[in-house]
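Every position in the sequence shown, counted from 1, becomes a number in the numbering used here once 69 is added.
Report on the structure given below.
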Amino acid sequence: MTEQQKTSDIARITQKIAALKEQVNNANAETKIHVEKRDKFNEQFKKLRQEINELKNERDNLNEKVKTLKQQRDEVRAKIRAGIEEVKTHSQKIAELKKKTPKESRRELQKEFEDIEWKIQTTPLDMQEEKRLIEHVKQLETQLSVYKKFDQRVKKIVELRKELETFETKAGAVHQELIETAKKSQELHAKMMAKISESKNIKTEADNLHGVYIQAKEQVKPLHDEIRKLTEQKKKLQDAVREEDEKQKKSAEQALKEKLESQARDKLQRGEKLSWDEFKLLEDGKSEDV
Numbered sequence: 070m071t072e073q074q075k076t077s078d079i080a081r082i083t084q085k086i087a088a089l090k091e092q093v094n095n096a097n098a099e100t101k102i103h104v105e106k107r108d109k110f111n112e113q114f115k116k117l118r119q120e121i122n123e124l125k126n127e128r129d130n131l132n133e134k135v136k137t138l139k140q141q142r143d144e145v146r147a148k149i150r151a152g153i154e155e156v157k158t159h160s161q162k163i164a165e166l167k168k169k170t171p172k173e174s175r176r177e178l179q180k181e182f183e184d185i186e187w188k189i190q191t192t193p194l195d196m197q198e199e200k201r202l203i204e205h206v207k208q209l210e211t212q213l214s215v216y217k218k219f220d221q222r223v224k225k226i227v228e229l230r231k232e233l234e235t236f237e238t239k240a241g242a243v244h245q246e247l248i249e250t251a252k253k254s255q256e257l258h259a260k261m262m263a264k265i266s267e268s269k270n271i272k273t274e275a276d277n278l279h280g281v282y283i284q285a286k287e288q289v290k291p292l293h294d295e296i297r298k299l300t301e302q303k304k305k306l307q308d309a310v311r312e313e314d315e316k317q318k319k320s321a322e323q324a325l326k327e328k329l330e331s332q333a334r335d336k337l338q339r340g341e342k343l344s345w346d347e348f349k350l351l352e353d354g355k356s357e358d359v
């Protein structure tokens with residue numbers, strides 16, 4: 070292959086390498102766009118996962134609160150049921166006491182009781198009369214005790230009903246708070262599920278773009294291999310041209326040297342004066358001959 074052919078091949082290879090590099094650069098530019106989009110989607114996915122975790126924690130806290138409120142509501146309702154049963158029990162007892170209520174009113178019995186007590190304390194009585202009066206007092210006490218028990222039951226019912234009103238108010242408030250908390254928990258759950266769906270779509274987009282990136286890398290690889298191959302060919306041709314240039318340069322230098330030596334010898338034979346360079350040239354030639 071002549072030097073001209075080698076130079077032509079080098080130019081052709083250089084042009085081909087440039088074209089391949091342009092293809093690689095274009096592919097890399099397109100790949101960069103895909104990578105930037107992929108990274109953006111991954112960042113969005115990461116942010117969404119963080120938001121999802123925050124929503125989940127908030128929802129779980131609300132669910133725990135709902136659980137606590139249900140327990141409180143059930144406890145209050147249990148107290149209400151127990152209170153109602155107790156009121157029923159006292160009402161039944163009152164009904165039973167009404168059957169035993171004396172014909173005389175409490176005021177009449179109390180007055181009679183006080184009158185007899187006063188009589189026993191202030192009037193001299195024989196033993197038989199005093200015994201009779203004391204026995205009658207006991208009967209009056211028994212009859213008055215029915216009214217006393219009746220009052221105690223009624224008072225207890227009043228107290229229980231006040232407690233029941235308090236419990237019912239508390240149960241209503243707890244139940245209302247429970248409903249509101251449960252509603253908020255459901256809203257957070259729906260919001261969380263929407264973000265989970267969104268994050269799945271974004272992850273799919275990111276994975277698809279990553280697949281495109283991997284595919285692009287595989288497609289560019291043969292181009293890099295071809296560039297390396299052509300670069301090696303170019304280097305070999307350049308080395309060959311350089312080596313040929315050096316050989317031609319040395320050959321030209323040798324021819325010039327021989328010409329100058331011949332001219333110096335001719336001058337010396339003619340008895341002409343030599344320059345220092347011509348003299349040195351002849352001396353170097355003798356050394357090489359030896």
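Glycine included, each C-beta is placed from N, C-alpha and C at the ideal position.
Predicted model, so just to flag it, every value in this text is computed and none were measured.
Best match in the options for proximity to residue i [C-alpha to C-alpha]
i      : options                           : result
Gln92  : Gln255, Leu166, His293 and Ala275 : His293
Asn95  : Ser214, Glu234 and Ala285         : Ala285
Val281 : Lys106, Gln332 and Arg150         : Lys106
Leu278 : Lys218, Asp108, Ser174 and Gln113 : Asp108
Phe110 : His258, Lys90 and Ile271          : Ile271
Ser268 : Gln74, Asn122 and Thr76           : Asn122
Glu183 : Glu210, Lys162, Asn130 and Glu352 : Glu210
Tyr216 : Glu173, Trp345, Thr83 and Glu341  : Glu173
Glu112 : Asn132, Glu352 and Asp276         : Asp276
Arg118 : Ala263, Thr76, Lys349 and Gln141  : Ala263
Ala147 : Gln255, Glu274, Glu237 and Lys316 : Glu237
Leu229 : Glu133, Glu327, Val289 and Ser160 : Ser160
Ala251 : Asn132, Lys290 and Val227         : Asn132
Asp78  : Lys162, Ile189 and Leu299         : Leu299
Lys75  : Leu89, Gln288, Glu312 and Ala321  : Glu312
Gln73  : Leu337, Gln307, Glu352 and Lys207 : Gln307
Glu330 : Ser320, Leu351, Lys318 and Glu322 : Leu351
Glu256 : Ala98, Glu120, Leu124 and Lys90   : Leu124
Asn97  : Leu337, Ile283, Glu295 and Gln190 : Ile283
Exposed unless 16 or more other CB atoms sit within 10 angstroms - verdict on residue i
i      : result
Gln212 : buried
Arg81  : exposed
Ile102 : exposed
Leu194 : exposed
Ser214 : exposed
Val128 : According to the sequence displayed, residue 128 carries Arg and not Val. Looking at its Cβ environment, which holds 16 or more other Cβ atoms inside 10 Å, Arg128 is buried.
Arg176 : exposed
Gly340 : exposed
Val135 : buried
Gly402 : Since the first residue of the chain shown is 70 and the last is 359, residue 402 is not available in this structure.
Ala240 : buried
Val243 : buried
Thr273 : exposed
Thr100 : buried
Ala87  : exposed
Phe348 : exposed
Leu12  : The question about residue 12 has no answer, for the chain in this structure spans 70 to 359.
Ala333 : buried
Ser344 : exposed
Ser254 : buried
Contact with chain D by residue i, beta-carbon distance below 9 Å
i     : result
Lys85 : Protein chain content of the structure displayed is limited to a single chain, and chain D is not contained in it.
Distance cut-off 8 Å: residue i Cβ against heavy atoms of the ligand COA
i      : result
Thr250 : For the structure depicted, the ligand COA is absent and the ligand set is empty, with no information on it obtainable.
ask   = Counting Cβ pairs, one atom from each stretch, are 3 or more of them under 8 Å apart for the region 220-231 and the region 156-173?
value = Counting Cβ pairs under 8 Å, three or more are found: they touch.
Alpha helix (DSSP H) runs contained entirely in the region 125-209, provided each spans 4 or more residues = Entirely contained in the region 125-209, the alpha helix (DSSP H) runs reaching 4 residues are, in chain order, 175-191.
task = Report yes or no: do the region 139-159 and the region 296-306 share at least 3 C-beta pairs separated by less than 8 Å?
result = Judged by Cβ distances under 8 Å, the region 139-159 makes no contact with the region 296-306, as fewer than three pairs qualify.
task = Specify whether the region 247-261 and the region 128-145 touch according to this definition: at least 3 beta carbon pairs, one from each stretch, less than 8 Å apart.
result = They touch, by the three-pair rule.
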